[in-house]
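Participant: 184 is the number of the first residue of the sequence shown in the numbering used here; add one for each residue after it.
Ideal Cβ positions, reconstructed from N, Cα and C, are used throughout, including at glycine.
Structure provided below as structure tokens; questions to follow.
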Amino acid sequence: MALKNKKGIVLITSYIVIAVLTILGAAFISRSIAEIRVAERGQNSMQAFYLAEAGIDYAIDRLRTTGASGQRSSGLQNIGVYDCVWQRVGSSSTWEIISTGTVGADTQRAIRVELEPDTFARYLYFTDSEHFRWYGWRLPVWFITGDGLGGPLQTNSHFHISGDPVFSDPNFHKPVKSEDDFITYMNGGWPINSTATSNPPYDNPTFEEGLQLGADRAPFPSKALDLRTAAVQDGLMLTGPTSIVLESDGTMTVTNPLKGWTTQNMALPSNGALFVNGGDTTISGTLNGQLSIGTNRNIVIADNVTYNIDPRINPASTDTLGLIAEKDVIISSGAPYDVEIDASIMALGNSFTVENWWAGSPKGAITVFGGLIQDERGPVGTFDPATNTRISGYSKDYQYDARLMTNPPPFYPTTGDYVVVTWREQ
């Protein structure tokens, strides 16, 4: 009897264990299935996100190629599809791209991006060539001891260095870029080409963010077409020699003989575009506002050109100036001993230079706060290659205005690329 009771207890216990194991097994299987589904949903979500990004990349590539709006649907076999649309935002220069990635029947991720055309205002310093033409000669221009440049730098040529100039980029920490794969060093008066970042004991430049030789070439424009068009449409278009004095109250005083204007005071153009055709344009004064001044001839800097609110002191300043000459930008021989230009400057046809750069005694420094972009680099003085001391002209203090990376002067020449200004998932 006792044996039968024990067998019954064992049997009941076995049933209980089997039931518990069955319940646990079912729970485990259910949990595993749930986890697999969660994992699948996570994988589908990531794939949808990557598809949406692929649509953004495609749209940007088409913008670079065509500059026109469009749409596209495309997919990857057995994975999913993306649908993207890109179009200009109203009449502004901003472009909007919306791309949606879809995986399966119910998994979608959407990304919205806004872009602006990339402009040459992104550079502190850019040249298409580090040589200039002078009476039939093609001569190099040098950075020497005492020169300091702080910002994005690039040349479609190679740099010439004598002594100990300093190159930095405190805002974006990008290396100095040169298309050629060498530097020319003065070497105490016997120039040599080298791939090294210094040439002791004679030439010891400082590249605080490094040096990239053999960089990709950046196409360089020859005309300020957008600025010219904007000046005709809603800005100010002038003909013949013109003098402009920028006033700190937000106006400008203009002298233009063909208009019959002698120190005519007026508001800045409403769209910030001013272009002078068929005459040199002389500039000086203090800007309060946003303005680009262009000419198909030369721009002459007669005196300091500064901002009403200095963004180095007050970063909230909205004053921005573009100076764009389809020939030269020239600092007048009558300019101050130390001259400051707060602007992004472009010499599309030739150079940024100093009048009579080879003559007279040494002056002080040219301070450029903004950018200096030129076709052929122009000289601003002369120096003794044995001692790296200046004989005539100015030293260089060029510092980038970081606001220009995303807020360039109106209708500033573009690079053909685009810059993302906002990115968000919808």
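Give the straight-line distance between the Cα atoms of Gly576 and Phe552, rounded to the nearest whole angstrom.
Facilitator: Stepping through the sequence shown from its first residue, residue 576 is reached at position 393. Stepping through the sequence shown from its first residue, residue 552 is reached at position 369. Distance between the alpha carbons of Gly576 and Phe552 is about 19 Å.
Participant: At 4 residues or longer, what runs of the alpha helix (DSSP H) sit wholly inside the stretch 402–443?
Facilitator: 408–416
Participant: Please name the residue, chosen from Thr536, Glu297, Ile574, Gly462, that lies closest to Ile513 on a Cα-to-Cα basis.
Facilitator: For this step, residue 513 is matched to residue 330 along the sequence shown. Nearest option by C-alpha distance: Thr536.
Participant: Is DSSP giving Leu451 helix, strand or coil here?
Facilitator: Stepping through the sequence shown from its first residue, residue 451 is reached at position 268. Coil, per DSSP.
Participant: Three or more C-beta pairs under 8 Å: does that hold for the stretch 559–568 against the stretch 464–481?
Facilitator: Judged by Cβ distances under 8 Å, the stretch 559–568 makes no contact with the stretch 464–481, as fewer than three pairs qualify.
Participant: Let me check one thing: in DSSP terms, what residues is Gln270 bridge-paired to?
Facilitator: The residue labelled residue 270 in the question sits at position 87 within the sequence shown. Paired residues: Glu279.
Participant: At which residue ranges does the stretch 451–513 contain complete beta strand (DSSP E) runs of 3 or more residues, listed in the order of the chain?
Facilitator: 456–460, 464–470, 473–478, 482–490, 503–508
Participant: By a C-beta neighbour count over all protein chains shown, 10 Å radius and 16 as the cutoff for buried, is Leu186 buried or exposed?
Facilitator: Residue mapping note: residue 186 aligns to position 3 of the sequence shown, counting from 1. Because Leu186 carries a pLDDT of 47, less than 50, the predicted location of this residue cannot be relied on, and the following value inherits that uncertainty. Label assigned to Leu186: exposed.
Participant: What residues match up with Ile556 in a beta bridge as DSSP calls it?
Facilitator: Here residue 556 is taken as the residue at index 373 of the sequence shown, counted from 1. Paired residues: Phe309, Met529.
Participant: Give me the Cα-Cα distance between Gly331 and Val488, rounded to the nearest whole angstrom.
Facilitator: Reading the sequence shown from its first residue, position 148 is the one you call residue 331. Reading the sequence shown from its first residue, position 305 is the one you call residue 488. Going by the C-alpha atoms only, they are around 20 Å apart.
Participant: Here's the rule I'm using: 16 or more other beta-carbon atoms within 10 Å means buried, otherwise exposed. How should Gln254 be labelled?
Facilitator: In the sequence shown, counting from the first residue as 1, residue 254 sits at position 71. The residue in question, Gln254, is exposed, as its Cβ has fewer than 16 Cβ neighbours within 10 Å.
Participant: For Glu279, which of Asn481, Phe315, Gly250 has the nearest alpha-carbon?
Facilitator: Locating residue 279 in the sequence shown gives position 96, where the first residue counts as 1. Among Asn481, Phe315, Gly250, the Cα nearest to that of Glu279 is on Gly250.
Participant: If you measure between the beta carbons of Asn439 and Leu421, is that distance less than 8 Å?
Facilitator: Here residue 439 refers to the residue found at position 256 when the sequence shown is read from its first residue. Here residue 421 refers to the residue found at position 238 when the sequence shown is read from its first residue. The answer is yes: Cβ separation under 8 Å.
Participant: Below 8 Å, can you find three or more Cβ-Cβ pairs linking the stretch 585–593 to the stretch 453–470?
Facilitator: yes
Participant: Return the bridge partner residues of Trp317 from the DSSP annotation.
Facilitator: Locating residue 317 in the sequence shown gives position 134, counting from the first residue. DSSP lists Trp320 as partners of Trp317.
Participant: Tell me Val602's beta-bridge partners as DSSP assigns them.
Facilitator: In the sequence shown, the residue the question calls residue 602 occupies position 419. Note: Val602 sits in a beta bridge opposite Glu299.
Participant: Do the stretch 233–240 and the stretch 283–301 meet, that is, are 3 or more Cβ pairs less than 8 Å apart?
Facilitator: yes
Participant: Please determine if the stretch 503–522 and the stretch 264–274 are in contact, where contact requires at least 3 C-beta pairs separated by less than 8 Å.
Facilitator: no
Participant: Val604 and Leu298 look like a contact to me (Cβ under 8 Å); what is the Cβ gap, rounded to whole Å?
Facilitator: The residue labelled residue 604 in the question sits at position 421 within the sequence shown. The residue labelled residue 298 in the question sits at position 115 within the sequence shown. That pair is a contact at about 6 Å.
Participant: In terms of residues, what are the limits of the beta strand (DSSP E) holding Lys357?
Facilitator: Translated into positions along the sequence shown, residue 357 becomes position 174. Looking at the DSSP string, Lys357 is not in any beta strand (DSSP E), and its letter there is neither H nor E.
Participant: Using a 10 Å radius around the Cβ and a threshold of 16 neighbouring Cβ atoms, would you call Pro388 buried or exposed?
Facilitator: Along the sequence shown, read from residue 1 onward, the residue named residue 388 stands at position 205. It is buried - the Cβ of Pro388 has at least 16 other Cβ atoms within 10 Å.
Participant: Does the pairing of the stretch 477–488 with the stretch 371–379 give three or more beta-carbon distances under 8 Å?
Facilitator: By the criterion of at least three beta-carbon pairs nearer than 8 Å, the stretch 477–488 is not in contact with the stretch 371–379.
Participant: Along the chain, where does the beta strand (DSSP E) containing Tyr577 start, and where does it finish?
Facilitator: As a working mapping, residue 577 is identified with position 394 in the sequence shown. Unbroken beta strand (DSSP E) run through Tyr577: 572–583.
Participant: Looking at Asp386 and Ile344, is the spacing between their C-beta atoms short of 8 Å?
Facilitator: Taking the sequence shown and counting its residues from 1, one reaches residue 344 at position 161. Taking the sequence shown and counting its residues from 1, one reaches residue 386 at position 203. Yes.
Participant: Assign His356 to buried or exposed, taking buried as 16 or more other Cβ atoms, counted over all protein chains shown, within 10 Å of its Cβ.
Facilitator: By one-based count along the sequence shown, residue 356 stands at place 173. His356 comes out exposed.
Participant: For Asp511 and Phe403, what's the separation of their Cα atoms in angstroms?
Facilitator: Position 328 of the sequence shown, counted from the start, is the residue given in the question as residue 511. Position 220 of the sequence shown, counted from the start, is the residue given in the question as residue 403. Separation of Asp511 and Phe403 (C-alpha to C-alpha, rounded to the nearest whole angstrom) is 15 Å.
Participant: From which residue to which residue does the beta strand (DSSP E) around Leu336 run?
Facilitator: The sequence position of residue 336 within the sequence shown is 153, counting from 1. That run of the beta strand (DSSP E) goes 336–338.
Participant: Can you look up Phe232 in the DSSP assignment and give me helix, strand or coil?
Facilitator: To locate residue 232, count along the sequence shown from 1; it is residue 49. If DSSP states are grouped into helix, strand and coil, Phe232 belongs with the helices.
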